[in-house]
Structures are given as structure tokens and as C-alpha cells.
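Here is the structure we will look at, set down as C-alpha cells.
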């Protein structure tokens, strides 16, 4: 079921599927809650699954020129409060993982466990900040398709491009539908995010890291560093995935997350 709530004079869109203990899915940069299509429905056979359009993405409005990860975390908090959900497991993909870490950091009382799905806790390096500035400039010049047509295929493992041709085009359509201001504000927010490795290291709730062995955006060495940060870390390595494991290796991803959820909610 798709619904909306009012948030700082803007609308936030979310979907609510299934029954039982809650799990929150947070999409990544240039995505919307539709990116979880198929995956969310499978999870909802076992749990209550809430997917959120982050501010400035999908059909959610925005109210800030910089959507920091704290702003994104607060928007998820607003949905949880609207639904009277006290604590939940948070699953964040890529930028959604940054938001999940911010939620665990700022609102730990809402988090009973969190999963970084192709994500990490490090701040942007200088080279990455420069790349974000370049993307922001292209958006300002009305040329966002230039980097979207490159970034989206690169999110899939190179040897998966043929097998997932339709899914790549579909993901491009979602990205191209992201409002220009939403893209620019997310880029600014990601540039400004702090180092949150301590959130993982000091976590008193279970943590899961899902890594793509063929990820073109996150070096596997970064994933490896994260595997040992927390005392309670579940690790799932997707050998045949890039940055989109919930599409590239859906069944293995589902199985891993369900085991993580079952352990928390048993």
C-alpha cells in the first residue's frame, strides 16, 4: 500500500507491505522505493516491510538545499512515528546505508539492528567530493543524463550487463525521474557526511554488511575493513554482484537478510 505523510511542508511517500515485525528499506542515490520491487514483496511474506522515498527522490518532496544524512534519517523517523513503530531493523542500500547509519547514530532508540547493503561508514575522500561537484554542475546545466547513463550500468557487475539489460534500463528511468533539486541536495548531503565507523564499532545491536565482490563503486578492501568493526557483524559476500545485489543475486540476498531478521526477532 502506497501512502503519504506531511513532513516539513513536503510530502513523504512510503509503502507498507506484509504483517509482523518491522523492517525498513531505504533506497540509494538516484533511486526510489520502486527499486525494491520484487524484493520487498518477498520479504513481506515474512515481515512487515516499509519502504520510504527519501526527500527529493521518487515522489517525496524536499525542503532543504542540502539533504544531509541526518535529514534523511529524520524523514525515516517521521514515517516510523506516523506508523507507531517503536523499533525496527533498518536496511539501507548505498546512500540509504549512510542514512541508516545516521539513524542508528542520532536515534538509536529506533533501531534494533541495521544492514548496510553495498554501503559503508567512511566520509567522502577529496576525489569523491570533486566527482560529486561535477555531477551537481551537470545537473545545473540540464545534463544529468550524461552521468546517469554511465552510473547506472556501472552499478551492475560488468559481466552482468547483458543478463540484466532490462533492469538496467528500468533503473535508468527511475534515476532520470529524480528531480534535479533532489539530486543536487543529496550530492551536497553526501559530501558533508561524517565518518561513522564508530557507530558500527560501538553498536549494541546486530549489524549486517552485504558486499558485492564485483562492486565498481566500493573497493572490496573497504568492505573487509568494515567486516571486523563490530562484535556482532553478519557478513554476506555476493560473489557475482556489483552494487545491486538485491537484483543481481536476489535469492541469496533475500536468504541472508531473512536469516539476519530471524536472528533478531526470534
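In the working numbering, the protein residues as written are 1 to 266.
Every residue gets a Cβ at the ideal spot worked out from N, C-alpha and C, and that includes glycine.
Check: Looking at residue 197 and residue 121, is the spacing between their C-beta atoms short of 7 Å?
Finding: One-based indexing of the chain shown puts residue 121 at position 121. One-based indexing of the chain shown puts residue 197 at position 197. It is a contact, given that the beta carbons lie within the stated cut-off.
Margin query: According to DSSP, is residue 95 part of a helix, a strand, or is it coil?
Written below: The residue you call residue 95 lines up with position 95 of the chain shown. Residue 95 falls in the helix class under three-state DSSP.
Next item on the list: Check each candidate in 187, 189, 152 and name the one with the smallest Cα separation from residue 173.
Entry: Numbered from its first residue, the chain shown carries residue 173 at position 173. Ranked by Cα distance from residue 173, the options 187, 189, 152 are led by 152.
Note to self: For residue 192, which residues in the same chain have their Cβ closer than 7 Å to its Cβ, ignoring the five residues on either side in sequence?
What the structure shows: Mapped onto the chain shown, residue 192 falls at position 192. The answer, listed in chain order, is 66, 68.
Check: Ordered along the chain, which non-local residues of its own chain (more than five positions away) have a Cβ less than 6 Å from that of residue 257?
Finding: Along the chain shown, read from residue 1 onward, the residue named residue 257 stands at position 257. In its own chain, leaving out the 5 sequence neighbours on each side, no residue places its CB closer than 6 Å to the CB of residue 257.
Next item on the list: Please work out which residues of its chain come closer than 6 Å, Cβ to Cβ, to residue 59, disregarding the five sequence neighbours upstream and downstream, and give them in chain order.
Entry: Position 59 of the chain shown, counted from the first residue, corresponds to residue 59. Take residue 59, set aside five residues on each side of it, and the residues of its chain with a beta-carbon closer than 6 Å to its own are 13, 53, in chain order.
Checklist line | Identity of the residues DSSP links to residue 208 by a beta bridge | finding: As a first step, residue 208 must be located in the chain shown, where it is residue number 208. Beta-bridge pairing links residue 208 to 115, 234.
Check: How about residue 139 and residue 180: are their beta carbons less than 7 Å apart?
Finding: Along the chain shown, read from residue 1 onward, the residue named residue 139 stands at position 139. Along the chain shown, read from residue 1 onward, the residue named residue 180 stands at position 180. Result yes, Cβ atoms of residue 139 and residue 180 sit closer than 7 Å.
Next item on the list: Output the boundary residues of the alpha helix (DSSP H) element that contains residue 80.
Entry: Sequence index remark: in the chain shown, residue 80 carries index 80 (1-based). 69-82 is the extent of the alpha helix (DSSP H) around residue 80.
Item checked: Under 7 Å between C-beta atoms of residue 212 and residue 118 -> Mapped onto the chain shown, residue 212 falls at position 212. Mapped onto the chain shown, residue 118 falls at position 118. For the pair residue 212 and residue 118, the CB atoms are nearer than the 7 Å cut-off.
Item checked: Three-state secondary structure (DSSP) of residue 258 -> For the purposes of this step, residue 258 is identified with residue 258 of the chain shown, where counting begins at 1. Helix.
Next item on the list: Figure out for me which residue from 168, 6, 95 has the closest Cα to the Cα of residue 218.
Entry: As a working note, residue 218 is residue 218 in the chain shown. Ranked by Cα distance from residue 218, the first of 168, 6, 95 is 95.
Note to self: Rounded to the nearest angstrom, what separates residue 260 and residue 234 at their Cα positions?
What the structure shows: Within the chain shown, numbered from 1, the residue matching residue 260 stands at position 260. Within the chain shown, numbered from 1, the residue matching residue 234 stands at position 234. Here the C-alpha atom of residue 260 lies approximately 7 Å from the C-alpha atom of residue 234.
Item checked: Opposing strand residues paired with residue 270 [DSSP bridges] -> Examination of residue 270 is not possible in this model, given that the chain is present from 1 through 266 alone.
Item checked: Where residue 215 falls, given that 16 or more other Cβ within 10 Å makes a residue buried -> As a first step, residue 215 is located in the chain shown; it is residue number 215 there, counting from the start. Residue 215 should be labelled buried.
Item checked: Same chain only: Cβ atoms within 8 Å of residue 195, ignoring 5 sequence neighbours per side -> In the chain shown, the residue the question calls residue 195 occupies position 195. Result list for residue 195: 121, 122, 123, in chain order.
Next item on the list: Look at residue 56 and residue 182 and say whether their C-beta atoms are less than 7 Å apart.
Entry: Position 56 of the chain shown, counting from 1, holds the residue named residue 56. Position 182 of the chain shown, counting from 1, holds the residue named residue 182. Yes, they are a contact pair.
Notebook entry, point to check: Could you give the distance in angstroms between the alpha-carbon of residue 253 and the alpha-carbon of residue 84?
Noted result: Counting from one through the chain shown, the residue named residue 253 turns up at place 253. Counting from one through the chain shown, the residue named residue 84 turns up at place 84. Taking the straight line from one Cα to the other gives about 28 Å.
Checklist line | Boundaries (first-last residue) of the alpha helix (DSSP H) holding residue 153 | finding: Translated into the one-based positions of the chain shown, residue 153 becomes position 153. Per DSSP, residue 153 belongs to the alpha helix (DSSP H) from 144-154.
Checklist line | Distance between residue 64 and residue 23 (C-alpha atoms, nearest Å) | finding: For the purposes of this step, residue 23 is taken as the residue at position 23 of the chain shown. For the purposes of this step, residue 64 is taken as the residue at position 64 of the chain shown. Distance between the alpha carbons of residue 23 and residue 64 is about 27 Å.
Notebook entry, point to check: So who's on the other strand from residue 250, going by DSSP bridges?
Noted result: Here residue 250 corresponds to residue number 250 of the chain shown, with the count starting at 1. Checking the DSSP bridge columns, you'll see residue 250 has no partner listed.
Check: Mapping DSSP to helix, strand and coil, what is residue 48?
Finding: Position 48 of the chain shown, counting from 1, holds the residue named residue 48. Residue 48 falls in the strand class under three-state DSSP.
Next item on the list: Pull up the CB-CB distance for residue 51 and residue 40, whole angstroms please, since I reckon it's below 8 Å.
Entry: On the chain shown, residue 51 is found 51 positions in, with the first residue counted as 1. On the chain shown, residue 40 is found 40 positions in, with the first residue counted as 1. That belief holds up - the Cβ atoms of residue 51 and residue 40 are roughly 5 Å apart, short of 8 Å.
Check: When you compare each of 145, 74, 72, 245 to residue 160 by their alpha carbons, which one comes out closest?
Finding: The sequence position of residue 160 within the chain shown is 160, counting from 1. If we check each option's Cα against that of residue 160, 245 comes out closest.
Next item on the list: With residue 25 as the anchor, note down where its beta strand (DSSP E) starts and where it stops.
Entry: Start at 1 with the first residue of the chain shown, and residue 25 comes out as number 25. Here the beta strand (DSSP E) through residue 25 covers 22-26.
Next item on the list: Identify the continuous alpha helix (DSSP H) that holds residue 318 and give its terminal residues.
Entry: Shown here, the chain extends from 1 to 266; a query on residue 318 therefore has no answer.
Note to self: Quick check on residue 88: does DSSP put it in helix, strand or coil?
What the structure shows: Here residue 88 is taken as the residue at index 88 of the chain shown, counted from 1. Residue state, collapsed to three classes: strand.
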